[in-house]
Each structure stands twice: as structure tokens, then as C-alpha cells.
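Notes for the one structure printed next.
Residue numbers (this note's numbering): 30 to 294.
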């Protein structure tokens, strides 16, 4: 393995699950790492293993991205650290509770992490990367971005935001040297399902559940292939291409001086 670094990758939600696998794969690709999560002990365990296995530099940052002060410190790091060439916005949480069951304060906390923190970190990273004419931002969304009925409405809305933001940034950053990829995992074998109240991914049909390793490997293969949106479980890529083509075609017909005839009485 070459000791030359490809730069530094900052990965949020890196103490386990998808984030830890991203850290592993990026270290193997030659990136030094900054791993961010709330649990210092688990971060240290991941970091030490990766140092030993890859020989890369691995730093940890213990931070609650729902805390404005701690979030701002990480934003400053992204703006000032010129070695950072890749950002993985992975931190987030979900719920399966309906609006009749959910606690609105918990839903607000979900928005703070899934939407606000991701947005602020992206807005810190993208201009700095554009100034260097090189960088990659990977935003972890979910299939509920396009199928929000599957889980809690706020969770689905937060992931729809991530997909919409990624689409817009892909347009805004054209020619800047900065790439943006949105990843839409389906059910993945992580602790997410314990936190959402399902009781673990073992309670889901196992034909639905992808391993974290396969999910991340597929997402990075999509990145290598130049995909702007990667859906690891979607068997036919043409299905998404057709979806996008129809969306773009319809978008040209959404504004007009007169209402559609079906609305005229």
C-alpha cells in the first residue's frame, strides 16, 4: 500500500455502522481520516483499528452535531483544514412513529441533525473545496426520500431534503471541481432499527436487508462510475434514469400563465 495520502476524509456518524465502514473503505483507498461522533470510546476503537490496519492518520472529534456550538467548531474545521478533500455526511437518526404518536421535540432534534447539521457542514465544505477546485461530498439520504410513507413523515421529509439539496448542489457546483453524490440506502443491517423502535433489523424480512459492507461498497462503486445518485439495492439503473428523465421533462411544464383546464370552472 502506498503511503501517499489522497487527502483527508471527514466522516460523521463514524463510531459504527455505515460511517465506520466508510472510514474503513476510505482508509484503504489512501485517505487520512477525521472521524466524528458523540461516543468517544467507540470512536477510539474504530480509529485504533484503522490505524493498525491501514497505516493512515486517523483523528477523532467527539461532537454532538445537534449542539450549535459543537457544530460550529466542526464547520470551522472544514473551512480551515485544506487537507480535507472528502466529506461524508452520514450522521442522522430516524423514527417509525406517526404524527399521532411522535414527540415533536424529538422530531425537531431529528431535523436539527438530519437537515440543519448536514446543510451547515456542506456549506462549510463546498466553498473551501471549490476554492481548491477539488473535492467530494457524499450525502447519505435514504430510499424514503422518494418513498416517505415507509417510515416516519419527518424522517422521510428530512431525507427528501437531502436528495433535493444534493440535486441542487450538483447544478450549482458544475465546473467547480466539487462532486456531490446522494446515496439512498434501503434497509441496512445497522443499529438504526433498534433506535427507530423496530427492535432490530432481524425483525425485517431478511431479503430486504443489505449488509453495511455491501451498501458502502456499492455506493463507492457508484461514485467511481460518476453517479450523482446511487441506490445500492436498485437492480436496474435504467429505472432511476427513466425516473429522472420524467422528472426533468415534467419540470418544464410546471409553470404557466393560465391554470390547467381541469381547474377551470
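Just so it is clear, CB atoms sit at the ideal spot from N, CA and C, and this is done for glycine as well.
Measure how close the beta-carbons of residue 173 and residue 180 come, nearest whole angstrom, since I'm counting them as under 8 Å.
5 Å
Whose C-beta lies closer than 8 Å to the C-beta of residue 92 among residues of the same chain, with five residues either side of it excluded?
65, 66, 67, 99, 100, 102 and 103
When burial is assigned at 16 or more other CB atoms within 10 Å of the CB, is residue 195 buried or exposed?
buried
Three-way DSSP call (helix, strand, coil) for residue 251 in this model
helix
Distance CB(residue 169)-CB(residue 154) smaller than 8 Å:
no
Top-ranked residue by Cα proximity to residue 109, from 136, 161 and 129
161
What does DSSP give as the partner residue(s) for residue 158 in the beta ladder?
DSSP lists no partner for residue 158.
Alpha-carbon spacing of residue 294 relative to residue 243, whole angstroms
54 Å
Per DSSP, cross-strand counterpart(s) of residue 208
165
Can you check which of these residues, 117, 200, 87 and 274, is closest to residue 51 by C-alpha distance?
117
Backbone CA spacing between residue 177 and residue 251 [nearest angstrom]:
23 Å
Residue from 292, 257 and 70 with nearest C-alpha to residue 200:
257
Would DSSP call residue 97 helix, strand or coil?
helix
From 133, 149, 247 and 212, pick the residue whose C-alpha is nearest to that of residue 107; which is it?
149
Contact set for residue 30: own chain, Cβ-Cβ below 6 Å, skip 5 residues either direction
Any reading at residue 30 needs caution, since the residue's pLDDT is 46, under 50, leaving its predicted position unreliable; the model's value is listed next. Result list for residue 30: empty, nothing under 6 Å.
When we look at the beta-carbon of residue 41 and count the other beta-carbons within 10 Å, is it buried (16 or more) or exposed?
buried
May I ask which residues mark the beginning and end of the alpha helix (DSSP H) holding residue 187?
182 to 201
Local conformation of residue 47 per DSSP, three classes:
helix
Can you list, in chain order, the residues of its chain whose CB lies under 7 Å from that of residue 83, leaving out five sequence neighbours each side?
56 and 57
What did DSSP end up calling residue 64 once you bin it into helix, strand or coil?
strand
Just the Cα atoms here: how many angstroms apart are residue 219 and residue 47?
7 Å
DSSP state of residue 219, grouped into three classes?
coil
Mapping DSSP to helix, strand and coil, what is residue 264?
coil
Look at the Cβ atom of residue 61, then the Cβ atom of residue 86, and state whether they are nearer than 8 Å.
yes
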